[in-house]
Amino acid sequence: MSGLEALVRWEHPELGFLLPGYFIEIAEEGGSLVAIGEWALRSACAQAREWLDAGIAFGRVYVNIAHSQVHRGDLHRVTQRILAETGLPAGHLGLEITEGVAMEHGAHHIIEELERLKADGISLAIDDFGTGYSSLSRLKQLPVDQLKIDRSFVRDIGASRRDLDIVRAILTLGATLGLEVLAEGIETPDQGALLLAEGCNFGQGYFYARPMPPEKLPAWTQGRILASDSGDE
């Protein structure tokens, strides 16, 4: 395991656990999305610090950063403060921004913010890559480390030559720019095997693990270690 992603869920008293799609737009309109984003970042960093102290090897914890958090101009300062408060080394944190935010023209302050974060040792990823309108000239300016192939190109990769060709193109682009490429939404062994054969060495999805509460991670990682030692994995 090279890393994990922290996902926000709202535990509604009547509707149960709600995915971000149910409340993010409302939070954005109400002006509370930045506060939610900072809470999520602080919670993820604090939890990661607990895992480190318990000797659990998780690599990095990746946190999604909202459009409004990036555009405030204080993302680096806020992140530095949270890392100091939680005691998490920057090398164990990754931040994900969407392709749309990354490709906004004229937003030079975004590049400057990302450069400061990267200089601290924080890993930067472009999420849902392939669904936006990427500019190659813009992409090569960004101090990012990873491209995350959108799950829409992985879902039918075994049957769709078009999706396979798109994935191959993204892998070639990543290799050319010296970036890691991760495929999202891997749900079957066949998808994982095909992507690995194409040179995609990083994957994420239900095939590897379903979303779980943080307290279940220690047992899950121990199970992976035992399976690996026994040759079942």
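Going by the UniProt record's numbering, the sequence shown wraps up at 233, each residue one higher than the last. For each residue, glycine too, the CB sits at the ideal point set by N, CA and C. Bear in mind that the values here come from a model prediction, so they are computed numbers and not experimental data.
Reference leucine 88; option with closest CA among Arg42, Glu113, Trp10
Arg42
Which residue marks the beginning of the alpha helix (DSSP H) containing isoleucine 111, and which one marks its end?
According to the DSSP assignment, isoleucine 111 belongs to the alpha helix (DSSP H) that extends over 108-119.
Which residues bound the alpha helix (DSSP H) around glycine 16?
Note, glycine 16: premise wrong, no alpha helix (DSSP H); beta strand (DSSP E) at 16-18.
With a Cβ-Cβ cutoff of 9 Å, do leucine 194 and leucine 164 count as a contact?
yes
Can you tell me where the alpha helix (DSSP H) with valine 144 in it begins and where it stops?
Looking at the DSSP string, valine 144 is not in any alpha helix (DSSP H), and its letter there is neither H nor E.
From the DSSP output, in three-state form, read off tyrosine 62 for me.
strand
The beta strand (DSSP E) spanning serine 123 covers which residue range?
123-129
Quick check: the Cα distance between alanine 6 and leucine 18, rounded to an integer number of angstroms?
15 Å
Under the three-state DSSP convention, the category alanine 153 falls into:
Note on residue identity: the sequence assigns phenylalanine, not alanine, to residue 153. It is helical.
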